[in-house]
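The sequence shown finishes on residue 892 if you use the working numbering, and the numbering steps up by one all the way, no holes.
We put the CB at the ideal spot given by N, CA and C, even for glycine.
Note that the coordinates shown come from a computational prediction; the quantities given were computed from them, not determined experimentally.
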Amino acid sequence: MSTGVFANGEALDPAEAQFTIVAHRGASGYLPEHSLESTTLAFAQEPDFIEQDVVITKDDIPVVLHDIHLETVSNVEQVFPQRHREDNRYYVRDFTLAELRTLRLHERADGEGKQVFKKRYSGAKANFTIATLYEHFELISELNREFNKRVGVYPEVKSPAFHLNEGVDASKIVIDALMSYDFGGENGNSFLQCFDFEEVKRIREELKYSGKVVMLIGENSWAESSTDYDWLRTKEGMEAVAQYADGIGPWLGHLLDPAALKKGEIKSASWLDNAHANQLAIHPYTYRQDALPEGMTGPQLLQILRDVIKANGVFTDHVPPVHEWRHQRDGMGK
Ligand code: CA
Numbered sequence: 559m560s561t562g563v564f565a566n567g568e569a570l571d572p573a574e575a576q577f578t579i580v581a582h583r584g585a586s587g588y589l590p591e592h593s594l595e596s597t598t599l600a601f602a603q604e605p606d607f608i609e610q611d612v613v614i615t616k617d618d619i620p621v622v623l624h625d626i627h628l629e630t631v632s633n634v635e636q637v638f639p640q641r642h643r644e645d646n647r648y649y650v651r652d653f654t655l656a657e658l659r660t661l662r663l664h665e666r667a668d669g670e671g672k673q674v675f676k677k678r679y680s681g682a683k684a685n686f687t688i689a690t691l692y693e694h695f696e697l698i699s700e701l702n703r704e705f706n707k708r709v710g711v712y713p714e715v716k717s718p719a720f721h722l723n724e725g726v727d728a729s730k731i732v733i734d735a736l737m738s739y740d741f742g743g744e745n746g747n748s749f750l751q752c753f754d755f756e757e758v759k760r761i762r763e764e765l766k767y768s769g770k771v772v773m774l775i776g777e778n779s780w781a782e783s784s785t786d787y788d789w790l791r792t793k794e795g796m797e798a799v800a801q802y803a804d805g806i807g808p809w810l811g812h813l814l815d816p817a818a819l820k821k822g823e824i825k826s827a828s829w830l831d832n833a834h835a836n837q838l839a840i841h842p843y844t845y846r847q848d849a850l851p852e853g854m855t856g857p858q859l860l861q862i863l864r865d866v867i868k869a870n871g872v873f874t875d876h877v878p879p880v881h882e883w884r885h886q887r888d889g890m891g892k
């Protein structure tokens with residue numbers, strides 16, 4: 559299903575193509591992730607794409623949130639203390655959009671309520687709220703028109719099997735939104751991403767989606783889906799992925815050859831040869847200026863992604879340092 563061309567219309571040869579910058583959860587390094595403010599700031603930072611994670615409300619509306627649960631990024635436990643399930647978690651799916659709009663978003667917190675990234679937005683007065691996928695798409699569309707830009711969207715269908723079990727087809731809802739804003743389809747400036755390989759197949763075969771699709775690859779222990787990510791990274795796995803997807807979104811931790819790394823050498827993990835052999839675009843996650851791999855500077859990491867891994871871009875919480883690196887490396891910011 560590989561198109562041979564990136565969304566920005568450049569050739570697939572990584573040596574010639576621009577290194578794609580994806581604003582991960584908006585400008586999440588600076589403002590609470592997935593708020594419209596975070597998306598607006600991301601737009602101003604001039605990424606190639608802005609990412610939206612999507613979950614579905616009780617009234618079947620797609621909202622932009624990273625998790626099917628609410629408590630790590632909102633004050634749900636104060637506003638609706640009784641509304642958790644037996645596992646003590648608060649599910650987006652159990653709330654209507656009207657109810658979700660009464661919540662305040664805050665910087666991501668851990669299970670004990672402590673901010674995960676200490677140096678990020680720490681205020682509590684500004685009222686960041688949950689927004690729908692349509693609101694995010696409209697915002698980016700309008701800003702594109704007003705500033706004559708072509709920033710694309712990069713939505714992720716979160717936990718599709720969970721949603722199907724809840725009686726709602728999250729992928730169809732996301733595709734409908736993509737198509738209604740001209741971001742979708744073969745010529746749309748977007749990538750649709752998912753961690754669930756069965757769902758990626760369904761997106762092509764059942765939902766007949768023709769736009770660009772990226773298969774995300776994690777660790778089996780994260781339990782993101784029933785997909786066997788170890789198998790996905792084999793020769794057969796990559797060949798299977800290439801039948802349905804245009805690219806892969808691998809985790810940084812899977813990119814380097816572990817044996818070489820032990821000897822202090824930086825070498826691409828061998829499974830990536832299978833991704834390249836199948837012409838899959840490679841967009842690893844996540845460049846975080848405040849959580850770089852140990853002993854590595856930002857430019858070193860980006861250099862490795864580009865020149866050793868031959869990645870075609872990166873998801874980043876921090877667009878400006880990646881832009882600066884791209885600009886310096888290419889001279890004219892190309
Ligand atoms: Ca995501």
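On the criterion of 16 or more Cβ atoms from any shown chain inside 10 Å, does residue i qualify as buried, or is it exposed?
| i | result |
| --- | --- |
| R592 | A small fix is needed here, since residue 592 is His in this sequence, not Arg. Buried, since its Cβ has 16 or more Cβ neighbours within 10 Å. |
| G871 | buried |
| S784 | exposed |
| F705 | exposed |
| W780 | exposed |
| A800 | buried |
| D804 | buried |
| T630 | buried |
| N832 | buried |
| R583 | buried |
| S596 | buried |
| P639 | exposed |
| Q610 | buried |
| P713 | buried |
| P816 | exposed |
| G746 | buried |
| R643 | exposed |
| G671 | exposed |
| L661 | buried |
| L819 | exposed |
| R864 | buried |
| T578 | buried |
What distance in whole Å lies between the Cβ atoms of residue j and residue i, which are believed to be in contact at a cut-off of 8 Å?
| i | j | result |
| --- | --- | --- |
| L790 | F755 | 7 Å |
| I619 | A581 | No, I619 and A581 are not in contact; Cβ-Cβ is about 23 Å, not under 8 Å. |
| L599 | A585 | 4 Å |
| Y648 | H627 | 6 Å |
| P808 | P842 | 5 Å |
| I806 | V771 | So it is not a contact: roughly 10 Å between Cβ atoms. |
Just to confirm my understanding: we take residue i, look at its own chain, exclude 5 residues before and 5 after, and list those with CB closer than 7 Å. What are they?
| i | result |
| --- | --- |
| L765 | S729, K730, I733 |
| R887 | none |
| G742 | I733, L736, S748, G769 |
| E744 | S768, G769 |
| A717 | The residue you asked about is not Ala; residue 717 is Ser in the sequence shown. The answer, listed in chain order, is I626. |
| S699 | Y739 |
| V726 | I614, D618 |
| E797 | N836 |
| Y802 | M559, V758, K759, R762, V771 |
| G645 | At residue 645 the sequence reads Asp, which differs from the Gly that was named. Answer for D645: no residue qualifies. |
| I862 | I824 |
| F695 | V711, A735, Y739, F741 |
Spatial neighbours of residue i within its chain, please: CB distance less than 8 Å, with the 5 preceding and 5 following residues excluded, ordered by chain position.
| i | result |
| --- | --- |
| R846 | G587, F675, T874, D875, H876 |
| V621 | V612, V613, I614, T615, V650, L655, L658, I688, A689, T690, L691 |
| Y787 | I775, G776, E777, N778 |
| T792 | W829, N832 |
| H664 | P590, V631, S632, N633, A682, F686 |
| K677 | D848 |
| K868 | P572, S826, L830, H834, I840 |
| S680 | E665, Q673 |
| N702 | R708, V709 |
| R641 | V634, Y648, D652, F653 |
Excluding the 5 residues flanking residue i on each side, which residues of the same chain have their C-beta closer than 6 Å to its C-beta?
| i | result |
| --- | --- |
| C752 | V715, V758 |
| D668 | V674 |
| S860 | Note that residue 860 is Leu in the sequence shown, not Ser. Taken in chain order, the residues that qualify are W883. |
| E635 | E629 |
| E782 | F753, G776 |
Given 7 Å as the limit, tell me if residue i has its C-beta closer than that to any heavy atom belonging to ligand 3.
| i | result |
| --- | --- |
| T690 | Summarising the ligand content, the structure contains ligand 1 and does not contain ligand 3. |
Subject >> Segment contact flag, the stretch 846 to 856 with the stretch 869 to 880, C-beta cutoff 8 Å, min 3 pairs >> reply: yes
Subject >> Closer than 6 Å: residues whose CB approaches a heavy atom of ligand 1 >> reply: In chain order, the residues with a C-beta atom nearer than 6 Å to some heavy atom of ligand 1 are E609, D611, E714.
Original post:
Touch check for the stretch 813 to 825 and the stretch 745 to 762: three-plus C-beta pairs under 8 Å?
Top reply: no
Original post:
Does the stretch 599 to 618 come close enough to the stretch 707 to 717 to have 3 or more Cβ pairs within less than 8 Å?
Top reply: Yes, the stretch 599 to 618 touches the stretch 707 to 717.
**OP:** Taking 8 Å as the threshold, find out whether the stretch 714 to 727 comes into contact with the stretch 653 to 662 through three or more Cβ pairs.
**Re:** Judged by Cβ distances under 8 Å, the stretch 714 to 727 makes no contact with the stretch 653 to 662, as fewer than three pairs qualify.
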